[in-house]
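*Asks:* Note that full-length UniProt numbering gives residue 82 to position 82 of the sequence shown, counting from 1, and the numbers run on in steps of one. Don't be surprised by glycine CBs; every beta carbon is placed ideally from N, CA and C. Note that the structure is predicted; figures quoted are calculated from it, not measured. Sharing a structure, written as structure tokens. Questions coming.
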Amino acid sequence: MFHIFQYQPLRLITQNSLSSMCLKLMLSRPVAFAQIWKSWFSSHSLLGKKNIILMGPPGAGKTTTGRIVGQKLDCPVIDIDDDVLETTWNMSVSEKLQDVGYEKFLEEEGKALLKFSASGSVISLSGSNPMHAAGMQHIKKSGIVVYLDVPTTVIMSRLKSKETDRIVGLSPGVSLKDILHFRKQFYKRWFDIRVLCGGNVAAEVVAEKVLDAVKRYQDSELETFISTRSSRSGRSTEEDSHKLYFSDVVTQGLALDGGLFVPERGLPKFTAEEWQGLIEATYIERAQVILERCIHPADIPASKLAEIIETAYGENFSCSKIAPVRHLAGNQFLLELFHGPTASFKDFALQLMPHLFAYCIPRSCNYLILVATSGDTGSAVLDGFSRLHDTDKQRIALLNFFPEDGVSPIQKSQMIGCQKENAWSVGVKSDFDFCQTAIKQIFTNSDFTGFLTVEYGTALAAANSINWARLVPQIVYHASAYLDLVHQGIISFGSPVDICIPTGNFGNVLAAFYAKMMGIPIRKCICASNENNVLTDFVRTGVYDLRGRKLISTFSPAVDILKSSNLERYLHLIANEDGQLVTQLFNQLENQGHFQLRKDLLGKLQQDLVAGWCSDEDCLAAIHSVYSTTGYILDTHTAVAKVVADRLQDRTCPIIISSTAHYSKFAPAILRALRIAEINQNPLSQLHLLSSYSALPPIHWGLLETLKKIGNGDHQVCAADMSVLMSHIETLIQNHFM
Numbered sequence: 001m002f003h004i005f006q007y008q009p010l011r012l013i014t015q016n017s018l019s020s021m022c023l024k025l026m027l028s029r030p031v032a033f034a035q036i037w038k039s040w041f042s043s044h045s046l047l048g049k050k051n052i053i054l055m056g057p058p059g060a061g062k063t064t065t066g067r068i069v070g071q072k073l074d075c076p077v078i079d080i081d082d083d084v085l086e087t088t089w090n091m092s093v094s095e096k097l098q099d100v101g102y103e104k105f106l107e108e109e110g111k112a113l114l115k116f117s118a119s120g121s122v123i124s125l126s127g128s129n130p131m132h133a134a135g136m137q138h139i140k141k142s143g144i145v146v147y148l149d150v151p152t153t154v155i156m157s158r159l160k161s162k163e164t165d166r167i168v169g170l171s172p173g174v175s176l177k178d179i180l181h182f183r184k185q186f187y188k189r190w191f192d193i194r195v196l197c198g199g200n201v202a203a204e205v206v207a208e209k210v211l212d213a214v215k216r217y218q219d220s221e222l223e224t225f226i227s228t229r230s231s232r233s234g235r236s237t238e239e240d241s242h243k244l245y246f247s248d249v250v251t252q253g254l255a256l257d258g259g260l261f262v263p264e265r266g267l268p269k270f271t272a273e274e275w276q277g278l279i280e281a282t283y284i285e286r287a288q289v290i291l292e293r294c295i296h297p298a299d300i301p302a303s304k305l306a307e308i309i310e311t312a313y314g315e316n317f318s319c320s321k322i323a324p325v326r327h328l329a330g331n332q333f334l335l336e337l338f339h340g341p342t343a344s345f346k347d348f349a350l351q352l353m354p355h356l357f358a359y360c361i362p363r364s365c366n367y368l369i370l371v372a373t374s375g376d377t378g379s380a381v382l383d384g385f386s387r388l389h390d391t392d393k394q395r396i397a398l399l400n401f402f403p404e405d406g407v408s409p410i411q412k413s414q415m416i417g418c419q420k421e422n423a424w425s426v427g428v429k430s431d432f433d434f435c436q437t438a439i440k441q442i443f444t445n446s447d448f449t450g451f452l453t454v455e456y457g458t459a460l461a462a463a464n465s466i467n468w469a470r471l472v473p474q475i476v477y478h479a480s481a482y483l484d485l486v487h488q489g490i491i492s493f494g495s496p497v498d499i500c501i502p503t504g505n506f507g508n509v510l511a512a513f514y515a516k517m518m519g520i521p522i523r524k525c526i527c528a529s530n531e532n533n534v535l536t537d538f539v540r541t542g543v544y545d546l547r548g549r550k551l552i553s554t555f556s557p558a559v560d561i562l563k564s565s566n567l568e569r570y571l572h573l574i575a576n577e578d579g580q581l582v583t584q585l586f587n588q589l590e591n592q593g594h595f596q597l598r599k600d601l602l603g604k605l606q607q608d609l610v611a612g613w614c615s616d617e618d619c620l621a622a623i624h625s626v627y628s629t630t631g632y633i634l635d636t637h638t639a640v641a642k643v644v645a646d647r648l649q650d651r652t653c654p655i656i657i658s659s660t661a662h663y664s665k666f667a668p669a670i671l672r673a674l675r676i677a678e679i680n681q682n683p684l685s686q687l688h689l690l691s692s693y694s695a696l697p698p699i700h701w702g703l704l705e706t707l708k709k710i711g712n713g714d715h716q717v718c719a720a721d722m723s724v725l726m727s728h729i730e731t732l733i734q735n736h737f738m
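Below is the structure:
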């Protein structure tokens with residue numbers, strides 16, 4: 001029924017003849033025997049009885065790639081078009097298509113696929129096979145479906161010089177581009193693994209990528225996580241045997257030793273060709289490709305991940321581009337990260353992370369998510385977890401702690417308004433650093449967490465940026481911003497850019513640095529602080545010193561932070577994963593209030609980072625200046641970054657400024673910057689006044705709707721006392737889960 005190449009695997013030879021042949025060859029030519037045995041073992045261990053099934057559009061190179069993969073594995077190679085369809089029909093595919101027409105052809109093709117069976121082979125599907133659901137369900141059971149993802153422009157170019165009479169659906173009224181776009185939905189439905197194939201990539205290289213992807217798919221052991229405070233040399237056998245995977249660290253949040261989780265083997269790398277293949281892609285498509293590489297399919301299959309990403313970004317963002325890049329002035333560009341439902345960059349992670357969390361956790365336990373926020377995280381995490389399916393809400397609840405007097409009135413109104421049946425906010429009479437430290441201490445209090453598990457069947461988890469699932473989605477928008485500049489013709493791929501980010505907890509900067517590690521040509525990451533400028537001092541001197549420092553309330557409250565949690569991940573990286581050193585540094589910070597980097601580590605840090613800070617006065621002046629010259633209103637955090645970018649950039653390359661929140665959230669400060677003499681204290685009135693300016697961007701739709709609904713609302717307020725916070729946690733668990 002199908003063609004088998006002349007090179008047959010050794011497992012097809014009978015056992016007796018194999019034993020005889022092996023003995024003779026081993027004695028006469030030991031080197032040749034070793035090579036053949038290695039080849040057979042590689043094929044057998046990689047495939048077994050499974051098939052490698054190559055899928056992709058016409059012109060993707062499935063047939064050529066399949067032959068090379070088959071040669072490398074010494075296994076049968078089957079081309080569905082040539083070896084199954086034409087053999088079954090006794091006529092060419094193009095003749096069959098002309099004979100029966102488009103719809104009947106798909107039906108006949110599907111029937112042929114349903115009768116087909118093979119094992120231990122490399123199978124190249126036709127471009128239209130994935131459009132027949134029953135046929136694909138049948139063949140998918142027999143192996144691993146590898147999607148050769150080739151940019152549409154490349155396919156169009158390849159097919160210009162080829163006969164296209166075998167392409168199903170092509171007609172005078174339907175263009176090839178339309179067909180390729182239509183078929184993508186079917187390819188995305190069926191694949192297990194995606195292999196990115198650029199325009200100039202040789203088939204031999206694609207074949208190697210296929211083999212590497214199959215090996216990764218079959219071996220989740222390669223993608224484990226460690227704590228920033230664990231040492232490779234000091235790890236016990238028990239620690240090595242208890243491996244942690246993506247689903248584990250999403251659930252656990254914080255490592256038991258107080259450290260943060262990081263991938264043991266680092267982040268995946270993309271080639272320049274792979275990145276260039278994403279230039280024409282949408283934000284959602286870029287997100288899926290990047291996250292597929294960061295999340296092993298054993299944790300979340302590609303099809304489920306696609307569903308989650310579509311749910312997160314498909315309808316919840318007001319701009320179709322999700323994270324558009326806008327030219328501001330000169331060589332400065334704004335990455336607008338405020339088009340999500342709660343108007344800040346936190347939406348990018350927190351529309352996605354709740355669904356990742358719900359998929360990864362075991363069904364046998366309830367979970368309470370604890371969050372500390374300096375402002376924007378609160379409403380974003382409350383909104384994100386409130387959008388879970390009802391069945392997930394029954395077993396997942398959330399408690400958000402925020403500094404009662406340390407957020408803007410609109411931020412507080414948002415957090416109150418976003419409370420739902422499974423998500424609540426508590427104001428704490430202290431600052432953000434207390435809230436964040438308290439949560440860390442609660443997680444490491446084994447007596448308390450154990451009590452909650454035994455007494456109530458409830459485990460605690462974190463949704464702050466200490467959770468790895470919060471960081472990974474942020475990598476996407478930094479990569480996407482660079483690709484957008486390439487797509488707009490501002491730069492060519494490979495040209496460097498700088499990125500300037502208002503930061504307090506270091507998570508957003510770290511995500512940009514991770515994008516750089518994965519292959520995006522970012523030259524410098526510029527850390528922009530307000531008057532709580534501990535990070536600026538640290539980047540410049542290598543000394544992290546909290547002694548005598550008190551948190552200052554500023555117009556940019558989301559970065560009113562003195563203890564930057566995610567800095568620990570970065571230091572672990574530049575210290576060559578020296579967990580003992582990281583433990584020493586952060587224990588010293590906790591006990592003595594300071595630490596100092598070694599000179600060599602400071603040198604590494606200053607190759608990656610530069611830093612500056614901005615006063616409230618300069619922040620407001622920047623907002624006024626930009627509005628006066630461009631008609632665009634910056635929020636207070638973006639203004640901090642703008643001031644620092646003006647001071648530190650050398651103007652030799654474009655600089656992308658992360659616009660992390662919508663100005664509507666900080667209306668009193670914005671109105672003051674615009675020199676409005678009398679400011680009504682009602683948040684809704686403030687937004688109506690701002691909308692009268694007809695500025696860019698317009699007032700945020702979601703924020704306005706939230707404030708219209710809730711008025712002042714109610715929330716609980718508690719003292720800055722650990723026992724009080726723990727009491728709130730226990731009471732919530734009793735009320736929601738019992």
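#1: For a quick check, are the C-beta atoms of Phe191 and Val154 less than 8 Å apart?
#2: Extract the residue ranges of the alpha helix (DSSP H) inside the region 173-238, only unbroken runs of 4 or more that lie entirely within it.
#3: Starting from Arg400, trace the beta strand (DSSP E) both ways and give me its first and last residue.
#4: What residue range does the alpha helix (DSSP H) around Ala306 cover?
#5: Do you know whose CA, among Val250, Tyr187 and Glu730, lies nearest Thr449's CA?
#6: Using CA coordinates, which residue listed in Ile52, Ile139, Gly427 and Phe225 is at the minimum distance from Val724?
#7: Which residues in the same chain have their Cβ closer than 6 Å to the Cβ of Gly59, if we skip the five residues on either side of it in sequence?
#8: Report buried or exposed for His478, applying the criterion of at least 16 other Cβ atoms within 10 angstroms of its Cβ.
#9: Once the 5 residues before and after Leu352 are set aside, which same chain residues still bring their CB inside 6 Å of it?
#10: Thinking C-beta only, is Ala645 closer than 8 Å to Gln332?
#11: In chain order, what residues of the same chain lie with their CB nearer than 8 Å to the CB of Gly457, ignoring the 5 residues before and after it?
#12: Return helix, strand or coil for Asp74, following the three-state DSSP convention.
#13: Going by DSSP, which residues form a beta bridge with Pro502?
#14: Keeping to the same chain, check which residues put their C-beta closer than 8 Å to that of Leu535; ignore five residues upstream and five downstream.
#15: If we ignore side chains and look at the alpha-carbon of each, how far apart do Ser685 and Phe345 end up?
#16: I believe His662 touches Leu703 by the beta-carbon criterion, under 8 Å. Please report the beta-carbon distance rounded to the nearest angstrom.
#17: Going residue by residue through the region 589-624, where are the continuous beta strand (DSSP E) segments of at least 3 residues, counting only ones entirely within it?
#18: Which value, in whole angstroms, describes the spacing of the CA atoms of Leu483 and Phe270?
#19: Going along the chain, which unbroken runs of the alpha helix (DSSP H) with 4 or more residues stay wholly within the region 506-588?
#20: Just mark Ile309 as buried or exposed, buried being the case when its beta carbon has 16 or more other beta carbons within 10 Å.
#21: Where does Gln488 sit, in a helix, a strand or coil, going by DSSP?
#22: Any idea if Met1 is buried or exposed, counting beta-carbon neighbours within 10 angstroms, 16 or more meaning buried?
#23: Taking the alpha helix (DSSP H) that Ala133 falls in, what are its first and last residues?
#24: Hey, how far is the Cα of Thr660 from the Cα of Ala512?
#25: Give me the Cβ distance between Asn508 and Ser374, rounded to the nearest whole Å; I'm assuming they're in contact under 8 Å.
#26: With DSSP as the reference, identify every bridge partner of Cys718, one or two as the case may be.
#27: Return the bridge partner residues of Met415 from the DSSP annotation.
#28: Closest to Pro654 by C-alpha separation, out of Leu585, Cys525, Asn129 and Asp431, would be which residue?
#29: Give the single residue among Leu356, Gly61 and Asp537 whose Cα lies nearest to the Cα of Gln596.
#30: Rounding to the nearest angstrom, what Cα-Cα distance links Gly330 and Ala358 in this structure?
#31: Tell me whether Leu23 sits in a helix, a strand or coil according to DSSP, three-state version.
#32: Tell me which residue opens and which closes the alpha helix (DSSP H) that Glu678 is part of.
#33: Suppose only complete runs of 4+ residues qualify. What are the alpha helix (DSSP H) ranges in the region 634-713, listed by chain order?
#34: Looking at the structure shown, is Arg363 part of a helix, part of a strand, or coil, going by DSSP?
#35: Within a Cβ cutoff of 8 Å, which residues of the same chain sit near Leu601, ignoring the five residues on either side of it in sequence?
#36: Whole angstroms is fine: what's the gap from Glu103's alpha carbon to Asp82's?
*Replies:* Reading it off the structure:
#1: As a position in the sequence shown, residue 191 is number 191, starting the count at 1. As a position in the sequence shown, residue 154 is number 154, starting the count at 1. Not closer than 8 Å, so no.
#2: 176-190 and 203-218
#3: By one-based count along the sequence shown, residue 400 stands at place 400. The amino acid occupying residue 400 in the given sequence is Asn; Arg does not appear at that position. From DSSP, the beta strand (DSSP E) with Asn400 extends over Ile396 to Pro403.
#4: To locate residue 306, count along the sequence shown from 1; it is residue 306. First-last of the alpha helix (DSSP H) with Ala306: Ala302 to Tyr313.
#5: Numbered from its first residue, the sequence shown carries residue 449 at position 449. For the residues Val250, Tyr187 and Glu730, the minimum Cα distance to Thr449 belongs to Glu730.
#6: The count along the sequence shown starts at 1 and reaches residue 724 at position 724. Looking at the Cα atoms, Gly427 is the closest of the given residues.
#7: Translated into the one-based positions of the sequence shown, residue 59 becomes position 59. Result list for Gly59: Ile155, Arg158 and Leu159, in chain order.
#8: As a position in the sequence shown, residue 478 is number 478, starting the count at 1. Under this definition His478 is a buried residue.
#9: Counting from one through the sequence shown, the residue named residue 352 turns up at place 352. These residues qualify, in order along the chain: Ala312 and Pro473.
#10: What you label residue 332 is simply residue 332 of the sequence shown in a count that begins at 1. What you label residue 645 is simply residue 645 of the sequence shown in a count that begins at 1. A contact, by the Cβ cut-off of 8 Å.
#11: As a first step, residue 457 is located in the sequence shown; it is residue number 457 there, counting from the start. The residues are Cys365, Asn366 and Phe737.
#12: Along the sequence shown, one-based indexing puts residue 74 at 74. Coil.
#13: For the purposes of this step, residue 502 is taken as residue 502 along the sequence shown, with counting starting at 1. Paired residues: Ala528.
#14: Position 535 of the sequence shown, counted from the start, is the residue given in the question as residue 535. Result list for Leu535: Thr503, Gly504, Phe506, Cys527, Ser529, Ser564, Leu567 and Ala611, in chain order.
#15: Within the sequence shown, residue 685 is the residue found at index 685, counting from 1. Within the sequence shown, residue 345 is the residue found at index 345, counting from 1. Distance between the alpha carbons of Ser685 and Phe345 is about 25 Å.
#16: Here residue 662 refers to the residue found at position 662 of the sequence shown. Here residue 703 refers to the residue found at position 703 of the sequence shown. Yes, His662 and Leu703 are in contact; Cβ-Cβ is about 7 Å, under 8 Å.
#17: 594-596 and 609-613
#18: Within the sequence shown, numbered from 1, the residue matching residue 483 stands at position 483. Within the sequence shown, numbered from 1, the residue matching residue 270 stands at position 270. Roughly 13 Å between the two C-alpha positions.
#19: 507-517, 534-541 and 567-574
#20: In the sequence shown, counting from the first residue as 1, residue 309 sits at position 309. Buried, since its Cβ has 16 or more Cβ neighbours within 10 Å.
#21: Within the sequence shown, the letter at position 488 stands for residue 488. DSSP places Gln488 in coil when its eight states are reduced to three.
#22: As a working note, residue 1 is residue 1 in the sequence shown. Residue placement at Met1 is flagged as unreliable, the pLDDT there being 38, under the threshold of 50; the coordinate-derived value follows with that caveat. Exposed: under 16 other Cβ atoms inside 10 Å.
#23: Walking along the sequence shown from the start, residue 133 turns up at place 133. Note, Ala133: alpha helix (DSSP H), Ala133 to Lys140.
#24: The count along the sequence shown starts at 1 and reaches residue 660 at position 660. The count along the sequence shown starts at 1 and reaches residue 512 at position 512. Cα to Cα, the separation comes out at about 13 Å.
#25: In the sequence shown, counting from the first residue as 1, residue 508 sits at position 508. In the sequence shown, counting from the first residue as 1, residue 374 sits at position 374. Not confirmed; about 13 Å, so no contact.
#26: Residue mapping note: residue 718 aligns to position 718 of the sequence shown, counting from 1. Looking at the DSSP assignment, Cys718 forms a beta bridge with Val428.
#27: The count along the sequence shown starts at 1 and reaches residue 415 at position 415. DSSP output for Met415 lists no bridge partner at all.
#28: Position 654 of the sequence shown, counted from the start, is the residue given in the question as residue 654. Closest by alpha carbon: Cys525.
#29: Counting from 1 along the sequence shown, the entry for residue 596 is found at position 596. Nearest option by C-alpha distance: Asp537.
#30: Here the question's residue 330 lines up with position 330 in the sequence shown. Here the question's residue 358 lines up with position 358 in the sequence shown. So the alpha carbons of these two residues sit roughly 44 Å apart.
#31: As a position in the sequence shown, residue 23 is number 23, starting the count at 1. Note that Leu23 scores 40 on pLDDT, short of 50, meaning its location in the model is unreliable; the coordinates nonetheless yield the value given after this. Looking at Leu23 - three-state DSSP - the assignment turns out to be helix.
#32: Position 678 of the sequence shown, counted from the first residue, corresponds to residue 678. No alpha helix (DSSP H) contains Glu678, which DSSP labels as neither H nor E.
#33: 636-648, 667-673, 683-691 and 701-710
#34: Taking the sequence shown and counting its residues from 1, the one referred to as residue 363 is at position 363. In this structure, Arg363 counts as coil in the three-state DSSP scheme.
#35: Position 601 of the sequence shown, counted from the first residue, corresponds to residue 601. Excluding residues within five positions, the ones whose Cβ falls inside 8 Å are Gly542, Leu571, Ile574 and Ala575.
#36: Residue numbering aside, residue 103 sits at position 103 when the sequence shown is read from its first letter. Residue numbering aside, residue 82 sits at position 82 when the sequence shown is read from its first letter. Those two C-alpha atoms are separated by around 20 Å.
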